[in-house]
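What follows is a short report on a single structure.
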Amino acid sequence: MSVSVPTKTQGTELLAHTQQATAVVTLGTPLDVSTMFGVNVFAKMGRTVATALTNEVLFRIEGSAKSSGNDEWFPIYEFTSENGTTTCNASTLNDASFNAADTSFTITSPTGMAPGDNLYFRETGTPADSEWSKELSVSGSVITLEEAITRGHTNGITITDLGEIFQAIYIDCSALGRIRFVCDTAANASGQTVDVIAWAVSLDSVTTT
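Take any residue in the sequence shown, count from 1 to its spot, add 639: that is its number in the numbering used here.
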């Protein structure tokens, strides 16, 4: 009986953690997919203030049949954020000892935040230290998470709900040379800054034994 074993590459960055202002187009780093079978693209968006966006954020995944050339990109898939034009809830971390591996923390006011919310912890000093996590419960000003936080967070940072997490699409790369992820708040101005990140997991090869 033959067994097929896939070789994959995880966590390839398509768009570094970006504080995306309104009326801006951010082009992610191109990924060479010339030797890959396919790629799954994942993206996250965090709100930075409670104020609703003017328009949803537009995301594009683009491909190229060539290894270089800015004029060789074409659209593969487009999608938009889902909750941007809804006012979210924002509060301030009021917990000087909220460390990596903790499962609960205190905020100034949990009003509006509810179990199941995707919370966004926004680190403005080092954006890459920002984090998304899902709320399990709330009691008074203490929020408990479904699982332990990955990073410690700076007291006083903004925490918002209505974070968005997408498995955007699976891309067949058999006819592609490159792909890239694009965040566009210029086509329809968002009106507010949002934070965005995108990653890829690729299927590189399959060995049959």
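Even for Gly, the Cβ is constructed at its ideal location relative to N, Cα and C.
Rounded to whole angstroms, the gap between the alpha carbons of Leu815 and Gly802 is 31 Å. It is roughly 44 Å from the alpha-carbon of Phe698 to the alpha-carbon of Met640.
By the CB criterion at 8 Å, Ile788 and Glu770 fall inside the cutoff. In this structure Gly791 is not in contact with Phe744, their Cβ atoms being roughly 10 Å apart against a cut-off of 8 Å. Nearest in C-alpha terms to Thr687, of all of Asn709, Pro645, Thr726, is Thr726. Per the Cβ contact rule, the region 656–669 is not in contact with the region 771–783 (fewer than 3 Cβ pairs under 8 Å). Apart from the 5 residues on each side of it in sequence, Ser748 sits with its Cβ closer than 6 Å to the Cβ of Ser730 in its chain, given in chain order. Shown here, Pro645 sits in a strand according to DSSP, grouped into three states. Beta-bridge analysis with DSSP links Asp768 to no other residue. Rounded to the nearest angstrom, the Cβ distance from Val696 to Val833 is 6 Å, consistent with a contact under 8 Å. Inclusion of Thr648 and Ser778 in the CB contact set at 8 Å is not warranted, their separation being larger than that value. Taking 8 Å as the upper bound for CB-CB distance, Val678 and Ala807 are not in contact here, some 10 Å apart.
Our two residues, Glu721 and Ser706, have alpha carbons roughly 33 Å apart in a direct line. Ranked by how close their Cα comes to the Cα of Leu670, the residues His656, Thr651, Gly685 have Thr651 in first place.
Taken in chain order, the unbroken stretches of beta strand (DSSP E) that lie wholly in the region 702–738 and span 3 residues or more are 712–719, 729–731. The C-beta separation of Thr724 from Asn694 comes to about 7 Å, placing the pair in contact by the 8 Å criterion.
The alpha-carbon separation between Asp756 and Met675 amounts to approximately 35 Å. Put simply, of Glu717, Gly667, Ala825, Ala655 the residue whose alpha carbon is nearest the alpha carbon of Arg817 is Gly667.
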